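See below for the structure under consideration.
2 protein chains.
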Amino acid sequence: MNARTLCLGILSFGDATGYEIKKMVEDGMFNHFIEASYGSIYPALTRMTEDGLLTCREEIQTGRPDKKVYAITLAGRTELESTLSEHPRDDKFKSEFLFIMLLSKNLPRTHVAQIYLKRLEDVRAEYDMIRKMAGECDEAGTRFVTGYGLAIFEAKIKYLEQNAGFAGLDASAVMESVAPQTNGRDAAE
Amino acid sequence: MNARTLCLGILSFGDATGYEIKKMVEDGMFNHFIEASYGSIYPALTRMTEDGLLTCREEIQTGRPDKKVYAITLAGRTELESTLSEHPRDDKFKSEFLFIMLLSKNLPRTHVAQIYLKRLEDVRAEYDMIRKMAGECDEAGTRFVTGYGLAIFEAKIKYLEQNAGFAGLDASAVMESVAPQTNGRDAAE
DNA sequence: GTGAACATGTAACAAGTTACATGATTGA
DNA sequence: TCAATCATGTAACTTGTTACATGTTCAC
């Protein structure tokens, strides 16, 4: 999905600046299945405003650049719906981690174990983030996609925990250190 | 991961042609977490041979272009190990399907249901493919990565089956049609 | 005889990333 | 004082995709 459609879709939920759109795909609700950089967002926004798919109102600020708040137009919604009516392409999944595991027999054991452990931590962290987002969902679409993310990340964590032996780690090494005050994943469900 | 490392990694398992490498990432063991096209594989192979990371022997064939069988050199293995010693980047996951589901409230219901059902079928098909591959794994690395794929795809299928209501589908609509003679996923485990 | 599989390769094109440029404010 | 957050934007670069070019054999 290109940057245009992405911005259009996010703006269909409500007005936003380029900066805010970036935040949403970076640490927001959508981070687990979308990505985009400023270098693709800003040009897309400018271009679509010229094309009449968006309107832009400038909010003057002191001490920092003026905010450009974008809003989707009727033409924009039409365009979005037309794009969305095409069949979605297959999900794209690329994993350097799996590639390394695939070739791990030729790599130093400690290195593999280290990468494995870090990956497990990263996956847990991302899981917790999605979980936090899921708590704030008030709408069917967002609930569905965060639920999907949660389901996949749970499966990843479980698999990594149960197959730690592959990386030469034992069960105790992959146990999650339980945070003392906040209740993590385990207690919350 | 770039096309160079990809080819190097696959060739570390054994000699292969560009065509064969493409097949492996297209319908082989690696298809669920890697992708590459001829346009990136062939130039990478040529370039790396020039760089001394690969050797190439030509097998003359009649009626079709000569086969170029590539083999990794010692320098190639060194290069590969050095690349692999860097920490892997985060997995990349992009889903147009989820994006459509996110925005589905503004889309025709029948269209959403149709896409949902097709996605479920596609995911099941890909699951079955990985499963078939998994049966042929004779080595720890390949077993690990196919197992990982299986775990994720099982989670996807389960989630899609249990949340079919979101797309306005009822339970009977998402039941897998049981093939009469071959035993599918359900019976085999 | 029609399409898929086998087999390699290039060139034009698309798309997005990275790094740079700018600069105030705020919290540790 | 140092890093992060807020805020926008561009240009060079990397990377890979798509489509084209070529041609045989085999199965349906």
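Same order as they appear, the protein sequences are chains Y and L.
Here our numbering = 1-based position in the first sequence + 889.
Here our numbering = 1-based position in the second sequence + 889.
The beta-carbon is built from N, C-alpha and C at its ideal position, and this holds for glycine as well.
These numbers come from a predicted model, not from an experiment.
| query | result |
| --- | --- |
| Extract the residue ranges of the alpha helix (DSSP H) inside the segment 1000-1065 of chain Y, only unbroken runs of 4 or more that lie entirely within it. | 1029-1051, 1060-1063 |
| In whole angstroms, what is the alpha-carbon distance linking E915(L) and P932(L)? | 18 Å |
| Would you mind giving the Cβ-Cβ distance between K1045(Y) and I1041(L), rounded to the nearest angstrom? I have them listed as a contact below 8 Å. | 7 Å |
| Can you tell which of Y1005(L), Y959(L), K956(L), L943(L) has the C-alpha that lies nearest to the C-alpha of A1053(L)? | Y1005(L) |
| Roughly how far, in whole angstroms, is the beta-carbon of C945(L) from the beta-carbon of T951(L), given that I think they are within contact range, below 8 Å? | That pair is no contact at about 20 Å. |
| Hey, is the segment 998-1016 of chain L in contact with the segment 990-1008 of chain Y, meaning 3+ C-beta pairs nearer than 8 Å? | no |
| Examine the Cβ distances between the segment 974-991 of chain L and the segment 1027-1038 of chain Y and report whether three or more of them are shorter than 8 Å. | yes |
| Hey, L943(Y) and G965(Y): beta-carbon distance below 9 Å or not? | yes |
| Find the nearest neighbour of T962(L) within the set G1030(L), K956(L), S901(L), judged by alpha-carbon distance. | S901(L) |
| For S1061(Y) and T1031(L), I'd like the C-alpha separation in whole angstroms. | 25 Å |
| Please classify R978(L): is it buried, with 16 or more other beta-carbons within 10 angstroms of its beta-carbon, or exposed? | exposed |
| Candidates E1015(Y), L991(Y), L897(Y): which alpha carbon is nearest F1055(Y)'s? | L991(Y) |
| Near T1079(L), what residues of its chain come up, given a Cβ to Cβ distance below 8 Å and the 5 sequence neighbours on each side ignored? | Because residue 1079(L) is not part of the residues shown, which for chain L are 890 to 1078, the question remains open. |
| When we look at the beta-carbon of I949(Y) and count the other beta-carbons within 10 Å, is it buried (16 or more) or exposed? | exposed |
| Give every residue of the same chain whose Cβ lies closer than 8 Å to the Cβ of L1049(L), excluding the five residues on either side of it in the sequence, and list them in chain order. | Y1005, R1008, L1009, V1012, V1063 |
| Among E1065(Y), V1034(Y), G1057(Y), which one has its Cα closest to the Cα of K1047(Y)? | E1065(Y) |
| In chain Y, which residues lie less than 8 Å from G1030(L) when you measure between Cβ atoms? | M990, L991, L992, S993, K994 |
| What residue range is occupied by the uninterrupted beta strand (DSSP E) comprising E947(Y)? | 943-948 |
| In angstroms, rounded to a whole number, what distance separates the CA positions of R1020(Y) and L996(Y)? | 34 Å |
| On the three-state DSSP scale, how would you describe F988(L)? | helix |
| For my contact list, K911(L) and I930(L) are in at a C-beta cut-off of 8 Å; report their separation, rounded to the angstrom. | 6 Å |
| Below 8 Å on C-beta distance, what does A1040(L) contact in chain Y? | A1044, K1045, K1047, Y1048 |
| Anyone know if the C-beta pair for E1025(L) and H921(L) falls short of 9 Å? | no |
| Between the segment 977-988 of chain L and chain Y, which residues of the former have CB atoms less than 8 Å from a CB of the latter, in chain order? | P977, R978, D979, D980, K981, F982, K983, S984, E985, F986, L987, F988 |
| Exposed or buried, which one is T1071(Y) when buried takes at least 16 other CB atoms within 10 Å? | Below a pLDDT of 50, predicted positions are generally treated as unreliable, and T1071(Y), at 43, falls in that range; the measurement from the model is reported next regardless. Classification for T1071(Y): exposed. |
| From L897(L) to L969(L), what distance separates their C-alpha atoms? | 6 Å |
| What is the DSSP secondary structure of I923(L), counted as helix, strand or coil? | coil |
| List the residues of chain L that Y1037(Y) touches, going by C-beta distances under 7 Å, in chain order. | L987, Y1048 |
| What residues are listed by DSSP as bridge partners for I961(Y)? | L943(Y) |
| In angstroms, rounded to a whole number, what distance separates the CA positions of A1023(L) and M1022(Y)? | 35 Å |
| Using a Cβ-Cβ cut-off of 9 Å, state whether G898(Y) counts as contacting chain L. | yes |
| Where do the N-terminal and C-terminal ends of the alpha helix (DSSP H) with K911(L) fall, by residue? | 907-916 |
| Classify R953(Y): buried if its beta carbon has 16 or more other beta carbons within 10 angstroms, exposed otherwise. | exposed |
| Taking 9 Å as the CB-CB limit, is S1061(Y) close to chain L? | no |
| Following the continuous beta strand (DSSP E) through K994(Y), name the residue where it begins and the one where it ends. | Counting along the chain, K994(Y) falls outside any beta strand (DSSP E), and DSSP gives it neither H nor E. |
| Go through its chain and collect everything with a Cβ distance to D859(L)'s Cβ below 8 Å, but skip five positions before and after it. | Coverage of chain L is limited to positions 890 through 1078, which leaves residue 859(L) absent and any answer about it impossible. |
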